[in-house]
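Right, one structure below, let's go through it.
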Amino acid sequence: MQTRQPFARSPNRRYAGGATLIEILVALLVLSLGVLGMAAMQIRALKGNQSSMQRTQAVMMSYYILDAMRVDKDSAKSLNYNTGSLSGGVIGPYCDAAAVTGTSLAKVNLKHWVESLKSTIGNASDSTTCGAVLCDADGVCIVQVKWDDTRAGGIGEQIVETKTTL
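Residue numbers (this note's numbering): 331 to 496.
Given below as structure tokens:
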């Protein structure tokens with residue numbers, strides 16, 4: 331009976347099996363660069379999401395004050411909701427709820443609106459989150475919400491303007 335002899339390597343030939351340490355390190359480097367790239371893309375997406383959320387909240391807050399003005403239409407047409415005049419495309423804003431004084435429904439609504447702006451878009455000590463309202467006697471109103479978008483990776487100051495007829 332013949333027995334098989336195991337494959338014998340020639341003493342002159344080198345065995346070329348498996349991966350070398352250099353190959354493993356290069357693969358690990360490429361993999362880690364890919365993971366870092368994915369993490370950077372995720373951070374960028376989160377910043378864009380934050381900026382988009384702030385813009386959505388600004389639009390919602392402008393609708394909020396407009397709805398309050400529709401309820402108190404006579405006061406809005408009497409210009410009691412106006413925060414200033416239109417100057418260079420920007421209405422004189424309220425950036426601090428403490429600046430809104432008075433006990434009329436219009437002033438209470440404005441004060442609550444500015445406080446809500448601070449709590450949804452900015453924060454209580456934020457001086458860059460502001461709201462402005464300008465109406466005329468016919469009930470055509472412009473509402474502006476201004477905030478600093480750099481916290482969310484944006485380009486800086488953002489203004490959302492909503493114009494409607496009450």
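Glycine residues also receive a C-beta, built at the ideal position from the N, C-alpha and C atoms.
beta-carbon residue i near the ligand MG non-hydrogen atom, thresh 7 angstroms
i, result
"Glu353", "The model depicted lacks the ligand MG and carries no ligand whatsoever."
Nearest to residue i (by Cα), restricted to the options the options
i, options, result
"Gly461", "Thr433, Met371, Asn412 and Glu353", "Asn412"
"Leu496", "Leu361, Gln380, Ile354 and Asp404", "Asp404"
"Thr458", "Val438, Leu361 and Trp477", "Trp477"
"Ser455", "Asp468, Ala427, Cys465 and Val475", "Ala427"
"Leu396", "Ala375, Leu464 and Gln488", "Leu464"
"Gln387", "Ile485, Gln474 and Gly486", "Gln474"
"His442", "Ala349, Gly422, Tyr394 and Ile485", "Tyr394"
"Ala436", "Arg385, Ala398 and Asn379", "Ala398"
"Ile322", "Asn453, Thr492 and Glu487", "Lying before the first or after the last residue shown, residue 322 is absent from the chain, which here runs from 331 to 496."
"Val444", "Thr431, Ser434 and Tyr424", "Tyr424"
"Thr450", "Lys377, Ala357, Leu366 and Met383", "Met383"
"Leu440", "Leu358, Asn410, Lys377 and Leu355", "Asn410"
"Ser446", "Asn379, Val389 and Val360", "Val389"
Residue i in three-state terms, based on DSSP
i, result
"Tyr424", "strand"
"Thr413", "coil"
"Thr386", "helix"
"Ala406", "helix"
"Ser362", "helix"
"Ser434", "coil"
"Ala349", "coil"
One or two residues paired with residue i in a DSSP bridge
i, result
"Thr492", "Val473"
>> Extract the residue ranges of the beta strand (DSSP E) inside the region 441-490, only unbroken runs of 3 or more that lie entirely within it.
In response: 460-465 and 470-478
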